[in-house]
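Student: Residue numbers (this note's numbering), protein chains in the order written: chain S, 16 to 354; chain U, 8 to 595; chain H, 297 to 576. No residue lacks a Cβ here, since even glycine has one placed at the ideal position from N, Cα and C.
Now the structure itself:
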């Protein structure tokens, strides 16, 4: 009896889950496994701030219950980190020293926190919140802190500010219009944000570079280029995501900023596809690579990657160069007015 | 004070230090004031690479049963721990070695098997052990260290407990254990992000002032026997009773007693009867197959009216059956085994504490009523470790309960004199004038063989009547819950009683009108109390670990209502959850 | 004549009573067949008890089942008539509890070598200080004449009408091979010989094994009869070295009715002596 196919998906986000669903829908017999270093279920990332603030519970965070995986016979390996891929032998090396073989592999590991070059030397003092693992770590610290500095940003940083306000914390918000993720903010937008924040008793400053960040007795002192000094109990950093591909580099799979795939989401190995935030997709018309952003895109790509791995040849439609309107949140409606 | 009720299982191979680390954990948590119920299981077949599991329920409330689901599983061996995962709670925790020397093939690491919802903490057990002690033997202590750090157990105090545990060993052993523990503790503090909510930290109960003994059922029986003036122990190795022999062989000679490891179980009970005949207290302990071999001589004790205490720690049967699994299926043979109408006293403790009290009672009753007393344990009770209040040894008047003949009676001594209470004063060899014949043949009052139509009925009746006296000397059946208008009454015996009791308490919290009764004396049967209980209940449930409902069958003729049964023969102890589920079903 | 005869018996009885051994007998009359060898054995045992002046209340006699099993009923000591084959463990249990008691185990050939055969080597190797009187009539008498472990080959019995197909055991050789510290054989027709051996066996510190050969007058009228046995009794020569295991074994293998003490190891400690020395 030939060994069953084993479709492995690295990543438990929207891309990974829709790939798994697509595999299962089209192949009842194969083994389907999702591996994720997050110990928690497939969750809504944009709800993390409210969760950290204690406003919602774990169940509100979950996209779907574990029973769905059981019913679908999809194996979920949570809290397990892939250290290395051997695309020749088709083996994944997990951090806890287990080898997992695959017949087809989908890489959907999303992004990891982006750190501006100017901030790298202060990294150990910064807190991030890209997933459940670091959210749960951050939770007690946030509960304890009275004053919090937030380096923004991205949309989640706004969500967090909103959540922290309900906790009556003192907040300093420094944001960077040029690095704002996933869209750049115009000067007009920045001014509006500052004004709005002020109304809500939040000190907000645009584009003020961090010069130094020091820690003494759990108190962080942050000095900026413009000469401002912020003292706070916690400094959180939200500058969006960069494709999470560290573990792939050197494996033979082509990468650049992300995992390089063609318009069918295929990497340079025929049995390995990548999708979602970690993929850098080639567009034959643009003759260039683009990186996709956002929840629904990721889901769509996951499905396409899986279908193509199973033999179809669906093409991912490149998104407009300006990706302002594809984030899933209607950016153009100046949502911060309602903040 | 928040409720703490956490089940920890340490699972490894023989040689991994599984049982010893479980013991350290239990002892330490007990010293911290927690209630403990622990249970070790280990391979019966060979010493080698069999699976060892140290199961420990730790709570700041009273613990009545071992707990069906594990909250924290410490994997010292992947393959064995994987096979133990089915008992892990859906939100349970696994602590495992995430740095084995080589990459494991797919599915050979427990990490790969963890269901979503469970949480795994990978600790480099081997690396840390090697760092701390230069060998792999400290993995268990590294794991305990990590456990302490992650779940709010005082590391410094636990270190002293480990020190105390190995105090008699050389410095190298002490140091490698302590250092391994410390290494695990520190590493976990620095590297583990706690994402679960289990903790012992916030709810440490007050350590109790009374002295606690941490013992299992076998130890309680052995200790009680020695405290009761045991002179001779005879036994043949058999799981799960062997430990009683091992303890007795260590302790009894110190008291001037004798332990004989006999050639078989027949010889064992023979020695016990000989000693009992000679006026000394004697005991044997066995399990089902050995009990079968003993049944002929056990009947001699009944017929010749010789004291004998016989412990049967039940395991799965029939025949060799399931030597290391739990069952309560020797009730029939205990009550009725052997030829003829053979009345005997049968006691079945329901807890480790009662293992002690039943044993002291057994010696007292056997001597006073000159008959066979069977103590029914089971695999679980034998091996279940509790921290109990140090038991009070029997008083002097309980240490000699033989009814001796008066001088006048010795003038024409009737060994089997028909008396009102059925007890014929017994002359012990060495008593001048008491020479007589004791026999397994039916006999006259003088002990001479008689087969006539009057002797056998009179003597049979005497033997049945005399043990009735034991009823008033044994503990009354325990009644928990309301005394009338009960919807469901649960009657349980042996080790199942603890789980049933817990299930009833939980069912009552859910608003179900349920009451509980258990009895340690099973023969003679406490008909009056059980009848009263059953009349207060509309329905009766009897949970027990046998297929046919042996206890329910004993109860049945005495009750005016039919009995609903929960019979399990999985080889595992019945859990409070199992019984609660059945109660809920009945209440629906 | 009648009067004379009675007075003669009375005198005789008085003389016997004076000797004291009748004190060790109960009023119960033995149920054995007239002419049974067990009468002689009983006689020798009670006489030995009397000779040794054993206190009656300090003697325990434990028996199993069979014709020999009835034995304690006829002795006025602490008698324990137990179940088939188990006299040795029970006797050992008594001795290990009360060292001051003199403990006899009485067993027939079926009792000691058949159903209870498994206890023999172990009681021997523990060297418990008791005396085993093995009443060997080479037949199951109480159940009316079936083959026993010592029934000669080819002898017809009620269970083997065409002859016993099973090779009989050699009790003395067995006891020697098991390592008994006292091994003797007696003949039920020789009361003095028995008394001599019994006295030494009872005073021996350790396990004493006495094989007593006797006919069954009811169920074996051809093979092992008084007539045949009387002619073959052969007491051990005084030159025999009782401390030599090899000589004892050689002697035991001779297929004749050789009687006397084959082997005795007086130095070997009894079980209780060992326990006291090593265990506490």
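1. For residue 202 (chain U), which residues in chain S fall below 9 Å Cβ to Cβ?
2. Just tell me which of U:522, U:88, U:69, U:515 has its CA closest to the CA of residue 484 (chain U).
3. With a threshold of 16 other CB atoms inside 10 Å of the CB of residue 458 (chain U), please say whether the residue is buried or exposed.
4. With a cut-off of 9 Å, does the C-beta of residue 137 (chain U) fall near any C-beta of chain S?
5. Within its chain, find whatever has a CB closer than 8 Å to the CB of residue 591 (chain U); leave out the 5 residues flanking it on each side and keep chain order.
6. Would you tell me roughly how many angstroms separate the C-alpha atoms of residue 538 (chain U) and residue 565 (chain U), rounded to the nearest one?
7. Output, in chain order, the set of chain U residues within a Cβ distance shorter than 7 Å of residue 91 (chain S).
8. Can you find the residues in the same chain that come closer than 6 Å, C-beta to C-beta, to residue 396 (chain U), ignoring five residues on each side of it along the sequence?
9. Report the three-state DSSP secondary structure of residue 574 (chain U) (helix, strand or coil).
10. Beta carbons nearer than 8 Å to chain U: which residues of the stretch 398-424 of chain H have them?
11. At a Cβ cut of 7 Å, what residues of the stretch 328-362 of chain H count as close to chain U, listed as they run along the chain?
12. If we ignore side chains and look at the alpha-carbon of each, how far apart do residue 41 (chain U) and residue 157 (chain S) end up?
13. Using Cβ-Cβ distances below 9 Å, what residues of the stretch 146-166 of chain U are close to chain H?
14. Smallest Cα separation from residue 162 (chain S): which of S:302, S:27, S:35, S:234?
15. Is the CB of residue 110 (chain S) under 9 Å away from at least one CB in chain U?
16. How long is the line joining the alpha carbons of residue 381 (chain U) and residue 273 (chain U), rounded to whole angstroms?
17. Measuring straight from C-alpha to C-alpha, what distance separates residue 205 (chain U) and residue 43 (chain U)?
18. Please report the distance separating the alpha-carbon of residue 69 (chain U) from that of residue 507 (chain U).
19. For residue 111 (chain U), go through chain S and note every residue whose CB falls closer than 8 Å to its CB, in chain order.
20. Does DSSP classify residue 82 (chain U) as helix, strand or coil?
21. Checking contacts by CB at 9 Å: is residue 304 (chain S) closer than that to chain U?
22. Looking at residue 398 (chain H) and residue 498 (chain H), is the spacing between their C-beta atoms short of 9 Å?
23. Closer than 9 Å, Cβ to any Cβ of chain H: which residues of the stretch 454-466 of chain U, in chain order?
24. Helix, strand or coil for residue 503 (chain H)? Go by DSSP, reduced to three states.
25. What are the residues in the stretch 81-115 of chain U lying within 9 Å of chain S by C-beta distance?
26. Find out if the Cβ-Cβ distance for the pair residue 354 (chain U), residue 383 (chain U) is shorter than 9 Å.
27. Whole angstroms is fine: what's the gap from residue 345 (chain S)'s alpha carbon to residue 170 (chain S)'s?
28. Taking the alpha helix (DSSP H) that residue 97 (chain U) falls in, what are its first and last residues?
29. Taking 8 Å as the cut-off, does the stretch 274-294 of chain U touch the stretch 382-390 of chain H (at least 3 CB pairs, one atom from each stretch)?
30. Give me the chain H residues within the contact set of residue 303 (chain U), using Cβ-Cβ distance strictly less than 7 Å, ordered along the chain.
31. Can you round the beta-carbon distance between residue 524 (chain U) and residue 486 (chain U) to whole angstroms, since I take them to be within the 8 Å contact cut?
32. Where residue 349 (chain S) and residue 244 (chain S) are concerned, what is the direct C-alpha to C-alpha distance, given to the nearest angstrom?
33. Sorted by chain position, which residues of the same chain lie with C-beta nearer than 6 Å to residue 312 (chain U)'s C-beta, five sequence neighbours on each side aside?
34. Take residue 120 (chain U) as the anchor and find which of S:127, S:140, S:124, S:115 has the nearest alpha-carbon.
35. With a Cβ-Cβ cutoff of 9 Å, do residue 318 (chain U) and residue 357 (chain U) count as a contact?
36. With residue 329 (chain H) as the anchor, note down where its alpha helix (DSSP H) starts and where it stops.
Tutor: Once the coordinates are examined:
1. Within chain S, the residues near residue 202 (chain U) are 54, 55, 94, 147, 148, 151, 152.
2. Nearest C-alpha to residue 484 (chain U): U:522.
3. Result: exposed.
4. Residue 137 (chain U) is outside the set of residues whose beta carbon lies under 9 Å from a beta carbon in chain S.
5. Same-chain partners within the cutoff: 514, 517, 519.
6. Cα-Cα distance, rounded: 7 Å.
7. Residues of chain U with a Cβ closer than 7 Å to the Cβ of residue 91 (chain S) are, in chain order, 123.
8. Cβ within range, chain order: 217.
9. Looking at residue 574 (chain U) - three-state DSSP - the assignment turns out to be strand.
10. Correct list: 414, 415, 417, 418, 422.
11. Of all residues in the stretch 328-362 of chain H, 352, 353, 354, 356 have a Cβ within less than 7 Å of some Cβ in chain U.
12. Distance between the alpha carbons of residue 41 (chain U) and residue 157 (chain S): 33 Å.
13. Considering only beta carbons, no part of the stretch 146-166 of chain U lies closer than 9 Å to chain H.
14. Nearest C-alpha to residue 162 (chain S): S:234.
15. At least one chain U Cβ lies under 9 Å of residue 110 (chain S).
16. Residue 381 (chain U) and residue 273 (chain U) have their C-alpha atoms some 15 Å from each other.
17. The alpha-carbon atoms of residue 205 (chain U) and residue 43 (chain U) are separated by roughly 17 Å.
18. Between residue 69 (chain U) and residue 507 (chain U), the C-alpha separation is close to 14 Å.
19. What residue 111 (chain U) touches in chain S: 112, 113, 114.
20. Looking at residue 82 (chain U) - three-state DSSP - the assignment turns out to be strand.
21. At least 9 Å separates the CB of residue 304 (chain S) from every CB of chain U.
22. Going by C-beta atoms, residue 498 (chain H) is nearer than 9 Å to residue 398 (chain H).
23. For chain H, the residues of the stretch 454-466 of chain U that bring a beta carbon within less than 9 Å of one of its beta carbons are 454, 455, 456, in chain order.
24. Looking at residue 503 (chain H) - three-state DSSP - the assignment turns out to be coil, as it is neither helix nor strand.
25. Within the stretch 81-115 of chain U, the qualifying residues are 97, 103, 104, 105, 106, 107, 108, 109, 110, 111, 112, 113, 114, 115.
26. Result yes, Cβ atoms of residue 354 (chain U) and residue 383 (chain U) sit closer than 9 Å.
27. Annotation note: pLDDT 33 at residue 345 (chain S) (below 50); position unreliable, no value reported.
28. DSSP places residue 97 (chain U) in no alpha helix (DSSP H) but in the uninterrupted beta strand (DSSP E) bounded by 95-104.
29. By the Cβ criterion, the stretch 382-390 of chain H is in contact with the stretch 274-294 of chain U, since at least three pairs of Cβ atoms, one from each stretch, lie closer than 8 Å.
30. Under the 7 Å cutoff, chain H gives 379.
31. Contact between residue 524 (chain U) and residue 486 (chain U) is confirmed by a C-beta separation of about 5 Å, below the 8 Å threshold.
32. Annotation note: pLDDT 31 at residue 349 (chain S) (below 50); position unreliable, coordinate value reported separately. Their backbone Cα atoms lie some 30 Å apart in a straight line.
33. If we look at residue 312 (chain U) and ignore the five residues flanking it on each side, its Cβ neighbours are 377.
34. Closest in alpha carbon position to residue 120 (chain U), among S:127, S:140, S:124, S:115, is S:115.
35. Going by C-beta atoms, residue 318 (chain U) is not nearer than 9 Å to residue 357 (chain U).
36. No alpha helix (DSSP H) contains residue 329 (chain H), which DSSP labels as neither H nor E.
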